[in-house]
Each structure stands twice: as structure tokens, then as C-alpha cells.
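To start, the structure itself, in C-alpha cells.
Protein chains: 2
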Amino acid sequence: MTQIDVEQPDTLARKIYDGLCREITSGKLKPGTVLSRRKIAAAYGTSYVPVIEAMVRLEGTGLIETESSQMARVCRVTLESIQHTYVLREAFETQAIRLACEHATPQEIEELYQMAEDVQASVPQPETAADRQASEEGLRVHWLFHRRIAEISRCPLLVQELERAELHQRLRANWIYVPEMAEPPRQHAMLVDAIKAADVEAADAVMRAHVRLGLEKELHHYRLQSTRRQD
Amino acid sequence: MTQIDVEQPDTLARKIYDGLCREITSGKLKPGTVLSRRKIAAAYGTSYVPVIEAMVRLEGTGLIETESSQMARVCRVTLESIQHTYVLREAFETQAIRLACEHATPQEIEELYQMAEDVQASVPQPETAADRQASEEGLRVHWLFHRRIAEISRCPLLVQELERAELHQRLRANWIYVPEMAEPPRQHAMLVDAIKAADVEAADAVMRAHVRLGLEKELHHYRLQSTRRQD
DNA sequence: GTGATACTGATGATATATCAGCGTGTCAAG
DNA sequence: CTTGACACGCTGATATATCATCAGTATCAC
Chain A
112 MTQIDVEQPD TLARKIYDGL CREITSGKLK PGTVLSRRKI AAAYGTSYVP VIEAMVRLEG
172 TGLIETESSQ MARVCRVTLE SIQHTYVLRE AFETQAIRLA CEHATPQEIE ELYQMAEDVQ
232 ASVPQPETAA DRQASEEGLR VHWLFHRRIA EISRCPLLVQ ELERAELHQR LRANWIYVPE
292 MAEPPRQHAM LVDAIKAADV EAADAVMRAH VRLGLEKELH HYRLQSTRRQ D
Chain B
112 MTQIDVEQPD TLARKIYDGL CREITSGKLK PGTVLSRRKI AAAYGTSYVP VIEAMVRLEG
172 TGLIETESSQ MARVCRVTLE SIQHTYVLRE AFETQAIRLA CEHATPQEIE ELYQMAEDVQ
232 ASVPQPETAA DRQASEEGLR VHWLFHRRIA EISRCPLLVQ ELERAELHQR LRANWIYVPE
292 MAEPPRQHAM LVDAIKAADV EAADAVMRAH VRLGLEKELH HYRLQSTRRQ D
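Shown next as C-alpha cells:
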């Protein structure tokens, strides 16, 4: 999306990948939906050779899964899958903030404080709670903040991996509604505080707690809604 | 390789992927080598449709890179690429040992102690130093140990990511000779000690130091040999 | 009526063919 | 000797065709 530096060859395979990616992360394609290469090719008006590349890429991203040489399906959401992606996210984000402590310039720190405020401001007010639109905007701003930390770590691989985690979260967010409960104030500003203090261990601890809080929140609502999701 | 649980459909794309993977990690294909899909198809006696899938997979694994719609090449080894893969490895391994602290059974801890001894034993004796064969065996045992920790973390995604890191290391190991210097004794046993004590923070610290030591060693020899590698 | 067999349609895997882009070499004109 | 243009070959991207497999269904024999 914001990959300005990466050349995007205007290839059909790329378009199909982007299209499927959007369809999955936007909730148009439900987890568990089977994906026929031929039907996708027909839907996009292409032959299905480009579809092969797109699907393999999607599998690498982790948005689809193919079990035992059968048809591919949109990744299903289970308690384990949620936990496991948070394990990875915790690994990435703590590592990112550790490096950010070492590399962040004063200007970047100021920028992060501004973004932290934006995140805080995007927490829906009571009247807009349960507003899907506001929730999505909040999610977007939230990821922007975390992504910026990864960028400041100066490790492109971390950014890339974090993006994958974001895609997963977006996939789930369409089926697990996690209301943005009023967070303790300065939740994110505290992360920037730690970076500013360049206290690596403290930053790690704060970020770890932050990610785990997110996991607990999502798991809580997943359990609440999993009974109703028996369709 | 040891993916017993994962079904390996006997497909040509899979064979090409495995073949290329082996050629790259064994050093038969030099970093920077350009890979023509048609030539690969010819070499494997297939059409090049299966090659597409294999190459996209390899790109996902990070063993090959395609810059700006040009031909794909075997990933080149640079100072940055080494550092970045170690950043990821540090993230994975510290996360893995943290979870291992929580999940390891007494039996698994015993097993790890045994493997740690094997690693220690595989450190080449002075007379076999600079022995390529012994070095490879040492590397193998070493990764077996780390991989086991990841397995004990009960998070398959961590194992998977660690495997990618291992592939990268194997790719580099053919071009950067890192002699197994005599390590401080109980280097790896200390990791198991931390797991046994279930001291998450200590385990994290020990593992982080262990990985960074590996990075320093590899960077040191990379710098030593980089002048000679101007061919 | 029941069970087995054959047919049908969909799928993924693969092969072959076509197209456009890009570099390179060669040959002719200046 | 330089320079420019054209042709050839290689590349990746894509389309189309063929194959085996498998599931579902219908049909036929008993």
C-alpha cells in the first residue's frame, strides 16, 4: 500500500494477489471459503497461470492455507491461530522497539508522540462505540503507529513481517468484533517514553505487555462470540 | 526435511523447489547467480509453469530475490543482510525460549541437556579445525538444538520461521567460513539451565547474548574474508 | 429396492504456444 | 572510427490445451 520504494510491476498476477488480499482482509471472503483457481481466473477474466503465482504468494503471506493437496481455503480463525500470530507479533514488536531505542532520532520521537496522540484520539467516544467505521479507522491509525516503530528499527524485514501480522489481524477483525474499550490513557505514549529514555529492557517490557493486552482483549471477544459463530 | 506431518504432494513444482533449495543451501549456486525460469525448466526436464510456483516459494523463503522485474537471483550476502537475518533470529529465538520456559516438560529438559552435550562435543577439536565436514556436522547439531527449543515453545509458526533463518545461515555458511572457535563450556547447557529454572527473563537474556555472539562471530569472519571475495 | 458400475463435471498439475520488452551484436552509413 | 538502426535471441508474462484424479450422480443389473 505505502510501498513507494518497491516497484510494483503492473502484472496480472499482482492484480489478482492484491484483489484477493483485499477481498480477504475486507471480509468479502469468509474464513474457510474454498478458492478454486479456475473460478478465480474466470472472475478476474484471466487464464489461471497468473492465479498460481497469486495463490502461492497468498499462502506465503499466510492468508490462505492448502491442506493435503486439496483446494486452498481462506485461513480459518481458531483460538490457536490467534495465539500463534500474537506470539509472532510479540516477537517482532519487542525486537522492533528494542532497536528503535537505539536508532530513534529526536525528530522521530516527536513524530511518534504525535501518532500516539492520534491513536488516543481515535479511541471511539462512548456515543460512537460499536461504530464499525470508527473502529476501522482506529485500527488503521493504531497500525500506523506500530509500523512506524518497526521502520525506526531500521530493519526492513521487521516491517515486512509486521505487515503480515497486520493482514492477519485485519482478516480476523471482520469476524471478531473487538470494541476499542477505553484504554488507560497514554497507553501508546508510554511506548514512546520508553524509546525516548532509550531503556531497552523497559521498552521491551512495555511493548510486551501492550501486545499481550491486545491478545487478551481479542481472545476475550473471540470466546464471547464463538458460540454465536456456529453457522 | 523432517516435516513428517506435512504432506508432501509428489508434484514437480515441489521437486524443483526442493532441488533449487538444496542447490542454493549447499553452495552449488553462488549468491548473485541469475536464475532463468526457462533454463531451470530445461535443467529439470519440465515445462516452466511448475518453475513459477517453485520460484515464488523460494522468494517467500527469502533464498532468492527479484529486483525491479528483472531476473531472479540467489540472495546476495551483504553486511546488512547478515545483520537483518540475525535481528529476526534473535526475535524468534528469544520468543521461543520464553515460551519453552513455560511449556517444557522435565523429559524435554533432559533431552535438551543431551542435545547441548552433543553440540559441545561437535565443536571440532584443534586437529580437526578448519575441517569442512566437521563444521557442517557441528552446524547441523547446533540447529537441531535450537529447533527443538522452538518446538517446545508449542508454536509451529516459530519453528517455521526459525527454519527459514536456518536456510539463510546455510546459504551463507558456504561462502563465509566461520570456524567453530572453542566456545566457553556449557554455552548451550546454560540455555537449558534457564529453561529448567523457568526464569523467562534470564532465559531471554542468555539466548539474546548467544545469538549476538553468533552474529559477532559471523560478522568478524565476513569482514576478514570480504576483501578476498572481490571476484 | 439395493448395490455396483459407469458417466460427468470440476479440480489441480503440467505442457505448449504466443506476445511484448529488452539487450546485444552486427552491419551499413556518415 | 563512430554511430545508429535493425534483427536476433533471451527473458518473463500470459493464454490455451491436455492429463489424471476425484467426487457426485445417474443408470443399470440383480
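Protein sequence lines, in the order shown, are assigned to chains A and B.
Residue numbering for the first sequence is 112 to 342, as defined by the numbering used here.
Residue numbering for the second sequence is 112 to 342, as defined by the numbering used here.
Note that beta-carbon positions come from the ideal geometry of N, C-alpha and C, so glycine has one too.
#1: Ends of the beta strand (DSSP E) at Thr-177 (chain B)?
#2: With a CB to CB cut of under 6 angstroms and the five nearest residues on each side skipped, what residues in its chain are close to Thr-205 (chain B)?
#3: Any beta carbon of chain B sitting closer than 8 angstroms to that of Gln-336 (chain A)?
#4: Against chain B, does Ile-115 (chain A) count as a neighbour if the rule is that its beta carbon must be under 8 angstroms from one of theirs?
#5: Starting from Val-185 (chain B), follow the beta strand (DSSP E) in both directions and report where the run begins and ends.
#6: I'd like to check one pair, Val-188 (chain B) with Trp-254 (chain B): are the Cβ atoms closer than 8 angstroms?
#7: Could you give the uninterrupted runs of the alpha helix (DSSP H) lying entirely in the region 132–207 of chain A, keeping only those of 4 residues or more?
#8: So, under 8 angstroms CB-CB, Cys-132 (chain B) and Leu-169 (chain B) are touching, yes? Tell me the CB distance rounded to an integer number of Å.
#9: Assess, as a yes-or-no matter, whether the region 265–278 of chain B is touched by the region 321–337 of chain B under the definition of 3 or more beta carbon pairs within less than 8 angstroms.
#10: Would the region 289–303 of chain B count as touching the region 321–330 of chain B if we require 3 or more Cβ pairs under 8 angstroms?
#11: Taking 6 angstroms as the limit between beta carbons, can you name the residues of its chain near Ala-309 (chain A), skipping five residues before and five after?
#12: Closest to Leu-146 (chain A) by C-alpha separation, out of A:Val-162, A:Gly-156, A:Thr-136 and A:Thr-157, would be which residue?
#13: With a cut-off of 8 angstroms on the beta carbons, I'd call Val-185 (chain A) and Pro-142 (chain A) a contact; round off their distance for me.
#14: Where do the N-terminal and C-terminal ends of the alpha helix (DSSP H) with Met-292 (chain A) fall, by residue?
#15: Quick check on this structure: which residue in A:Ala-232, A:Leu-269 and A:Glu-176 has the alpha carbon closest to the alpha carbon of Ala-245 (chain A)?
#16: I'd like the list of long-range same chain contacts for Gly-138 (chain B), defined as Cβ closer than 6 angstroms, with 5 residues on each side in sequence excluded.
#17: Only counting the same chain, and skipping five residues up and downstream in sequence, which positions put a Cβ closer than 7 angstroms to that of Ala-152 (chain A)?
#18: Counting only beta-carbon separations shorter than 8 angstroms, does Gln-206 (chain B) have a partner in chain A?
#19: For chain B, find out if any of its Cβ atoms is closer than 8 angstroms to the Cβ of Leu-169 (chain A); answer yes or no.
#20: Ile-163 (chain A) CB to nearest chain B CB: under 8 angstroms?
#21: Our contact map puts Val-322 (chain A) next to Arg-200 (chain A) with C-beta atoms below 8 angstroms; I'd like the distance itself, whole angstroms only.
#22: DSSP three-state call for Leu-330 (chain B): helix, strand or coil?
#23: Tell me which residues share the same chain as Asp-229 (chain B) and place their Cβ nearer than 6 angstroms to its Cβ, disregarding the 5 neighbours each side in the sequence.
#24: Along chain B, in chain order, which residues have C-beta atoms closer than 7 angstroms to that of Cys-266 (chain A)?
#25: Assuming Ala-207 (chain A) and Ala-261 (chain A) make a contact with CB atoms under 8 angstroms, what is their CB distance in whole Å?
#26: Listed in chain order, which residues of the region 309–333 of chain B have Cβ atoms closer than 8 angstroms to some Cβ of chain A?
#27: Can you tell which of B:Gln-194, B:Arg-148 and B:His-195 has its C-alpha closest to the C-alpha of Gln-181 (chain B)?
#28: Examine chain B for any beta-carbon lying closer than 8 angstroms to the beta-carbon of Glu-146 (chain A), and answer yes or no.
#29: Classify Arg-392 (chain B) as helix, strand or coil using the three-state DSSP reduction.
#30: To which residues of the same chain is Val-234 (chain B) closer than 7 angstroms at the C-beta, ignoring the five residues directly before and after it?
#31: Taking Cβ positions only, does Ala-183 (chain A) come closer than 8 angstroms to chain B?
#32: Distance check for Leu-190 (chain B) and Gln-298 (chain A), CA to CA, integer angstroms please.
#33: Return the CA-CA distance between Val-198 (chain B) and Glu-176 (chain A), expressed in angstroms with no decimal places.
#34: Specify the secondary structure class of Trp-254 (chain A) as computed by DSSP and reduced to three states.
#35: Under 7 angstroms Cβ to Cβ from His-214 (chain A), same chain only, skipping five residues before and after it: list those, please.
So, from the listed chains and residues:
#1: 175–177
#2: Excluding sequence neighbours, Thr-205 (chain B) sits near Asp-315, Met-318 and Arg-319.
#3: no
#4: Model confidence at Ile-115 (chain A) stands at a pLDDT of 40, short of 50, so the residue's coordinates are unreliable; what they give is reported in the following sentence. So, not an interface residue.
#5: First-last of the beta strand (DSSP E) with Val-185 (chain B): 183–185.
#6: no
#7: 148–155 and 160–172
#8: Correct: roughly 7 angstroms between the Cβ atoms.
#9: no
#10: Remark: three or more beta-carbon pairs, one from each stretch, lie closer than 8 angstroms, so the region 289–303 of chain B and the region 321–330 of chain B are flagged as touching.
#11: Cys-212
#12: A:Val-162
#13: 5 angstroms
#14: Per DSSP, Met-292 (chain A) belongs to no alpha helix (DSSP H) and is neither H nor E.
#15: A:Ala-232
#16: Asn-285
#17: For Ala-152 (chain A), the CB contacts under 7 angstroms within the same chain, skipping 5 residues up- and downstream, are Ser-158, Tyr-159 and Val-162 in chain order.
#18: yes
#19: No, Leu-169 (chain A) does not count as interfacial toward chain B.
#20: yes
#21: 6 angstroms
#22: Leu-330 (chain B) falls in the helix class under three-state DSSP.
#23: Val-252
#24: His-195 and Val-198
#25: 4 angstroms
#26: If you check each beta-carbon in the region 309–333 of chain B against every beta-carbon of chain A, none falls closer than 8 angstroms.
#27: B:Arg-148
#28: Per the sequence presented here, residue 146 (chain A) reads as Leu, with Glu not at that position. So no, Leu-146 (chain A) is outside the interface.
#29: Summary: the structure shown does not reach residue 392 (chain B), with chain B confined to residues 112 through 342, and so no result is reported for it.
#30: Sequence-distant Cβ neighbours of Val-234 (chain B) in its own chain, meaning closer than 7 angstroms and more than five residues away, are Gly-249, Glu-291, Ala-293 and Glu-294.
#31: no
#32: 36 angstroms
#33: 27 angstroms
#34: helix
#35: The residues are Ile-263, Ser-264 and Arg-265.
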